[in-house]
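Comments concern the structure below.
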Amino acid sequence: MFHISTWQRLTFCALLLTTATSCDDVLDQTPPAALTQEDAFANADRIQKTATGMYDQLQNAEFLGGRALIYSDIRSDDTNPTAFFGGIGTFTALANDGTATNAWTGGYRSLYGANFFIQEMAKNTGKVSATLEAQYVGEAKFIRALIYFHLVNLFAQPYNFTADASHPGVVLQLTAPDATSAFDPTQAKPRATVREVYTQIETDLNDAIAGLPETYSTAFDRTGRATKDAARSLLSRVYLYEGKYAEAATLAGAVITGGRRSLTASPAVPFTLATFQNAESIFSVAMNVSDNPNTNNALGQHYGRRADISVNPYALIPVSSFPADDRRRLLLLTPTAIPSSNSTPLVFTQKYKEASADYVPIVRYAETLLNRAEGLAQTATGVSAEAVTLLNQVRDRSKPAAAASYTVANFADKQALIEAILLERRLELAFEGHRYYDLMRYKRNSSRITYGAQRAVLPIPLVDIQQNPNLVQNPGY
Numbered sequence: 288m289f290h291i292s293t294w295q296r297l298t299f300c301a302l303l304l305t306t307a308t309s310c311d312d313v314l315d316q317t318p319p320a321a322l323t324q325e326d327a328f329a330n331a332d333r334i335q336k337t338a339t340g341m342y343d344q345l346q347n348a349e350f351l352g353g354r355a356l357i358y359s360d361i362r363s364d365d366t367n368p369t370a371f372f373g374g375i376g377t378f379t380a381l382a383n384d385g386t387a388t389n390a391w392t393g394g395y396r397s398l399y400g401a402n403f404f405i406q407e408m409a410k411n412t413g414k415v416s417a418t419l420e421a422q423y424v425g426e427a428k429f430i431r432a433l434i435y436f437h438l439v440n441l442f443a444q445p446y447n448f449t450a451d452a453s454h455p456g457v458v459l460q461l462t463a464p465d466a467t468s469a470f471d472p473t474q475a476k477p478r479a480t481v482r483e484v485y486t487q488i489e490t491d492l493n494d495a496i497a498g499l500p501e502t503y504s505t506a507f508d509r510t511g512r513a514t515k516d517a518a519r520s521l522l523s524r525v526y527l528y529e530g531k532y533a534e535a536a537t538l539a540g541a542v543i544t545g546g547r548r549s550l551t552a553s554p555a556v557p558f559t560l561a562t563f564q565n566a567e568s569i570f571s572v573a574m575n576v577s578d579n580p581n582t583n584n585a586l587g588q589h590y591g592r593r594a595d596i597s598v599n600p601y602a603l604i605p606v607s608s609f610p611a612d613d614r615r616r617l618l619l620l621t622p623t624a625i626p627s628s629n630s631t632p633l634v635f636t637q638k639y640k641e642a643s644a645d646y647v648p649i650v651r652y653a654e655t656l657l658n659r660a661e662g663l664a665q666t667a668t669g670v671s672a673e674a675v676t677l678l679n680q681v682r683d684r685s686k687p688a689a690a691a692s693y694t695v696a697n698f699a700d701k702q703a704l705i706e707a708i709l710l711e712r713r714l715e716l717a718f719e720g721h722r723y724y725d726l727m728r729y730k731r732n733s734s735r736i737t738y739g740a741q742r743a744v745l746p747i748p749l750v751d752i753q754q755n756p757n758l759v760q761n762p763g764y
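For any residue, its number in the working numbering is found by taking its place in the sequence shown, counting from 1, and adding 287.
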């Protein structure tokens, strides 16, 4: 399934990250060729650096450095078609599409760091306190679950595509092969079912909740490192995708009652360089100009500076649903002078205006509120009053001052409330990787493809199909 050179390169990089020193010590560093796996876990300091290195690998430019979110949104009904990403946004990609191949490879490269840490930490117990060991392994499992969540949604049909989610998912790779074991025939793994992948995600996130701290002492760590609330929030999303609405409401509720997170005063705050580390951003892939995934990959480059992705369909949501003076329209959408073919100015999101330094938003408190609202609305026999209150928390921050808050009486039945929550998700979480998946999990069509269409998911890379006889291609490729 993987080139052996990839495993060698990843192992080397993981080790190299753990032994980085300051520039003042550059002449005293051990030659990289002399590094061993034992060096990476030799003592508490090395283990801490290795744990930090997992987040560095999470910044992969082809995956959660930004591109994984883009590959969801450019297939939704909120963006204009874009030529930059080839056939992905137009659902015309071939099995050998380079962008899809890079996404698959980028996801599994990121995965390697988490697997490597879990595998080696098990061999080196007792070198840090039991609390720290549980935390570090919890961070690795959170990262692994996050990666698998995006992989399975990019490359497989949604969970409810079959009644028991028995349709093909992605390969479950839970170890980090070295240069010898990568050649073992057992590494030619088949695709697990979607149910099996989601079960692994659930297991990892529950383990992460048990081991992770509730919070950290610094603002950066509270946003850029995994916490219990990050794992709870992500698991609440996973449960929504599985249709486990009561469980989703419970997990999101634990975050809300914990009181560690809150909405910021303005919907623009979580997307401003000076405020990336804020009470609303529960977990982000932290970036800076030194981590720049280059002008071809960063969220801010594609949505802003390069102007690859325009969002006119989102901007044209009727004012009856998205008022002209909604703060998300006023603060987070900006027309430009760039004309389209019909001379209508193109519109761009302003969520990513820091170009290469934008954090990649993974979980925000606004989503957690809406997760619980949706879970409650789905499980109630009538219109859930608490769900209406949670919906108002998100909506009231941005709605026009003259617009009234919702009341239970505004909704004829529970389905009307669910529709309002889904609309609020579309307005609030736009261009953060949610819209296409929200359509798919409700078996709804995008503006450019119907639910269940063969090419609604990305192709398994042809190169991996050729190397691994046990891999099965998605239909239509």
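The C-beta atom is built at its ideal place from N, Cα and C for all residues, glycine as well. Being a predicted model, the structure only gives us computed values, none of them experimental.
Residue nearest to residue i in terms of C-alpha spacing, selected from the options
i	options	result
Phe570	Pro605, Tyr503, Tyr764 and Leu398	Tyr503
Glu661	Ile543, Ala387, Arg651 and Leu678	Leu678
Ser608	Ser643, Ile708 and Leu656	Ile708
Arg512	Pro472, Gln564, Tyr526 and Gly376	Gln564
Asp364	Arg682, Gln754, Lys336 and Leu603	Leu603
Glu420	Gln346, Leu441, Leu356 and Ala331	Ala331
Val424	Val525, Gly373, Gln335 and Phe507	Gln335
Val750	Asp384, Ile496 and Gly376	Asp384
Thr771	Pro554, Val606 and Lys701	What the structure shows of the chain is the stretch from 288 to 764, and residue 771 is not part of that stretch, so it cannot be assessed.
Val647	Phe507, Glu719, Glu706 and Pro368	Glu719
Ile649	His721, Arg396, Gly413 and Ala536	His721
Thr800	Ala338, Ser359 and Asn367	Summary: the structure shown does not reach residue 800, with the chain confined to residues 288 through 764, and so no result is reported for it.
Ile357	Thr337, Thr339 and Ala387	Ala387
Gly393	Gly530, Tyr435 and Ile705	Tyr435
Tyr723	Tyr395, Asn440 and Leu398	Asn440
Phe619	Leu714, Ala466, Ala672 and Glu489	At residue 619 the sequence reads Leu, which differs from the Phe that was named. Taking only the C-alpha atoms, the option nearest Leu619 is Leu714.
Val542	Val525, Glu529, Tyr528 and Ala517	Ala517
Leu663	Ser685, Asp725, Ser692 and Tyr526	Tyr526
Pro644	Val576, Val598 and Gln444	Just to set this straight, residue 644 is Ala in the shown sequence, not Pro. Measuring from the Cα of Ala644, the nearest candidate turns out to be Val576.
Close-in-space but distant-in-sequence residues of the same chain around residue i (CB under 6 Å, 5 per side omitted)
i	result
Phe378	Ile736 and Arg742
Gln760	Ile747 and Ile752
Glu567	Leu550, Thr551, Pro557, Arg651 and Tyr652
Ala642	Gly587, Gln588 and Arg592
Trp391	Pro748
Ala765	This structure cannot settle anything about residue 765, because the visible part of the chain is limited to 288 through 764.
Ile596	Thr366, Thr369, His589 and Tyr590
His437	Ala355
Three-way DSSP call (helix, strand, coil) for residue i in this model
i	result
Ile649	strand
Thr666	helix
Phe378	coil
Val457	coil
Ser685	helix
Ile569	strand
Pro746	coil
Leu758	coil
Val634	strand
Leu603	coil
Leu441	helix
Leu620	strand
Glu349	coil
Gln324	helix
Glu420	helix
Met341	helix
Glu641	coil
8 Å Cβ shell around residue i - same chain, five flanking residues per side excluded
i	result
Asn584	Ala348, Glu349, Gly352, Gly353 and Arg354
Phe448	His454, Val481 and Gly739
Ala690	Pro610
Met341	Gly400, Ala401, Phe404, Glu426, Ala427 and Ile430
Gly540	Arg659
Ala382	Pro746, Ile747, Pro748, Leu749, Ile752, Gln760 and Tyr764
Thr510	Phe563, Gln564, Asn565, Ser568, Ile569, Phe570, Ser571, Ala573 and Tyr646
Ala667	Ala674 and Lys701
Chain C within 8 Å of residue i, Cβ atoms only
i	result
Gly374	No chain C is present in this structure, which holds just one protein chain.
Close Cβ partners of residue i (< 7 Å) along its chain, the five nearest in sequence each way excluded
i	result
Asn757	Ala475, Lys476 and Pro477
Pro472	none
Glu711	Leu657, Leu678, Val681 and Arg682
Gln422	Gly498, Leu499 and Pro500
_Segments of 4+ residues assigned as alpha helix (DSSP H) that fall wholly inside the stretch 474-552_ = For secondary structure counted as the alpha helix (DSSP H) over 4 or more consecutive residues, the stretch 474-552 holds these complete runs in sequence order: 481-498, 506-511, 515-529 and 532-545.
Counting pairs of Cβ atoms below 8 Å between the stretch 320-339 and the stretch 405-420, do you hit three or more?
Under the three-pair Cβ rule at 8 Å, the stretch 320-339 counts as touching the stretch 405-420.
- Item | Meets three-Cβ-pair contact criterion under 8 Å: the stretch 451-467 and the stretch 533-553 | No, the stretch 451-467 does not touch the stretch 533-553.
Any chance you could list the alpha helix (DSSP H) runs of at least 4 consecutive residues sitting entirely within the stretch 687-754, in chain order?
You should have 701-715, 722-728 and 749-754.
Original post:
With contact counted as at least three CB pairs below 8 Å, one residue from each stretch, are the stretch 687-702 and the stretch 492-500 in contact?
Top reply: Here the stretch 687-702 makes no contact with the stretch 492-500; the two share fewer than three CB pairs at distances below 8 Å.
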